[in-house]
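Chemist: Dropping a structure here in C-alpha coordinates format, bear with me for questions.
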Amino acid sequence: HFQEKKKLTQKSNLFKGQQKKKIIPPNRHGKAPPTLKGKRFVKPLKVTKDMQMDREISKFINHCNEAKAATIANKEGSQLTVVKPPLESTAGEKK
(Lines of atoms letter the chains of each structure in order from A and count residues from 1; the text may use other names and numbers.)
(Lines give C-alpha, C1' and ligand atoms only; values in the text may rest on other atoms or scores of the structure.)
Protein backbone atom coordinates (compact mmCIF):
# COMPACT_ATOMS: atom_id res chain seq x y z
CA HIS A 1 0.00 0.00 0.00
CA PHE A 2 1.42 3.28 -1.21
CA GLN A 3 0.50 6.40 0.67
CA GLU A 4 0.84 9.67 -1.16
CA LYS A 5 2.19 12.50 0.91
CA LYS A 6 1.03 15.98 0.09
CA LYS A 7 3.98 18.21 -0.61
CA LEU A 8 3.90 21.60 1.07
CA THR A 9 5.29 24.52 -0.80
CA GLN A 10 8.49 25.97 0.54
CA LYS A 11 7.45 29.56 -0.07
CA SER A 12 4.55 30.75 2.03
CA ASN A 13 3.24 33.10 -0.69
CA LEU A 14 2.79 30.28 -3.21
CA PHE A 15 -0.07 28.35 -1.71
CA LYS A 16 -2.63 26.61 -3.89
CA GLY A 17 -4.20 28.98 -6.41
CA GLN A 18 -1.71 31.81 -5.92
CA GLN A 19 0.82 33.01 -8.43
CA LYS A 20 4.07 34.84 -8.02
CA LYS A 21 3.82 38.54 -8.90
CA LYS A 22 5.85 39.53 -11.95
CA ILE A 23 8.41 42.20 -11.17
CA ILE A 24 10.40 44.36 -13.54
CA PRO A 25 14.10 43.47 -13.39
CA PRO A 26 16.30 46.32 -12.16
CA ASN A 27 18.31 46.49 -15.39
CA ARG A 28 17.40 45.07 -18.77
CA HIS A 29 20.38 46.64 -20.58
CA GLY A 30 18.30 48.24 -23.31
CA LYS A 31 16.12 45.22 -24.03
CA ALA A 32 12.45 45.94 -24.69
CA PRO A 33 9.95 44.20 -22.41
CA PRO A 34 8.19 41.29 -24.13
CA THR A 35 4.69 42.21 -25.23
CA LEU A 36 1.98 39.85 -24.13
CA LYS A 37 -0.11 38.31 -26.86
CA GLY A 38 -3.36 39.93 -25.76
CA LYS A 39 -1.81 43.37 -25.34
CA ARG A 40 -0.51 43.95 -28.86
CA PHE A 41 -2.73 45.41 -31.54
CA VAL A 42 -3.06 43.26 -34.65
CA LYS A 43 -4.96 44.55 -37.68
CA PRO A 44 -7.75 42.31 -38.90
CA LEU A 45 -6.78 40.22 -41.89
CA LYS A 46 -9.70 41.36 -44.00
CA VAL A 47 -11.64 44.58 -43.63
CA THR A 48 -15.30 43.82 -44.12
CA LYS A 49 -17.84 46.16 -45.68
CA ASP A 50 -19.58 46.48 -42.31
CA MET A 51 -16.37 47.67 -40.69
CA GLN A 52 -15.84 50.19 -43.49
CA MET A 53 -19.41 51.48 -43.12
CA ASP A 54 -19.01 51.80 -39.34
CA ARG A 55 -15.83 53.81 -39.87
CA GLU A 56 -17.59 56.14 -42.31
CA ILE A 57 -20.54 56.60 -39.94
CA SER A 58 -18.29 57.39 -36.99
CA LYS A 59 -16.34 59.89 -39.12
CA PHE A 60 -19.60 61.63 -40.04
CA ILE A 61 -20.83 61.69 -36.44
CA ASN A 62 -17.49 63.04 -35.17
CA HIS A 63 -17.49 65.76 -37.81
CA CYS A 64 -21.06 66.78 -36.88
CA ASN A 65 -20.20 66.87 -33.17
CA GLU A 66 -17.10 68.99 -33.82
CA ALA A 67 -19.08 71.40 -36.00
CA LYS A 68 -21.77 71.74 -33.29
CA ALA A 69 -19.12 72.41 -30.64
CA ALA A 70 -17.49 75.03 -32.86
CA THR A 71 -20.77 76.85 -33.53
CA ILE A 72 -21.70 76.86 -29.83
CA ALA A 73 -18.28 78.25 -28.92
CA ASN A 74 -18.56 80.93 -31.62
CA LYS A 75 -21.95 81.99 -30.26
CA GLU A 76 -20.41 82.43 -26.82
CA GLY A 77 -17.76 84.75 -28.23
CA SER A 78 -14.65 82.60 -28.45
CA GLN A 79 -13.10 81.46 -31.72
CA LEU A 80 -13.13 77.70 -32.26
CA THR A 81 -12.80 76.17 -35.71
CA VAL A 82 -12.71 72.60 -36.94
CA VAL A 83 -9.30 71.90 -38.47
CA LYS A 84 -8.38 69.01 -40.74
CA PRO A 85 -5.85 66.73 -38.99
CA PRO A 86 -2.43 66.18 -40.57
CA LEU A 87 -2.15 63.07 -42.74
CA GLU A 88 -0.08 61.03 -40.23
CA SER A 89 -2.46 61.75 -37.35
CA THR A 90 -5.71 59.83 -36.99
CA ALA A 91 -7.28 61.80 -34.13
CA GLY A 92 -9.32 64.91 -34.87
CA GLU A 93 -7.90 68.13 -33.47
CA LYS A 94 -9.68 71.36 -32.60
CA LYS A 95 -8.12 74.81 -32.33
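First residue of the sequence shown? That's 4 in our numbering, and the numbers climb one at a time after it. All C-beta atoms in this analysis are idealised placements derived from N, C-alpha and C, irrespective of residue type, glycine included.
Note down the Cα distance separating residue 87 from residue 34, rounded to an integer number of angstroms.
Modeler: Going from the Cα of residue 87 to the Cα of residue 34 covers about 38 Å.
Chemist: Measuring straight from C-alpha to C-alpha, what distance separates residue 41 and residue 25?
Modeler: Using only the alpha carbons, I get a separation of about 17 Å.
Chemist: I'd like the ranges of any alpha helix (DSSP H) spanning at least 4 consecutive residues and lying wholly in the region 31-98.
Modeler: Segments of the alpha helix (DSSP H) lying fully in the region 31-98: 52-79.
Chemist: Does residue 96 pass the burial test, meaning 16 or more other C-beta atoms within 10 Å, or should it be called exposed?
Modeler: Any reading at residue 96 needs caution, since the residue's pLDDT is 49, under 50, leaving its predicted position unreliable; the model's value is listed next. Answer is exposed; the Cβ neighbour count stays below 16.
Chemist: Check whether the Cβ atoms of residue 69 and residue 85 lie closer than 9 Å to each other.
Modeler: Result yes, Cβ atoms of residue 69 and residue 85 sit closer than 9 Å.
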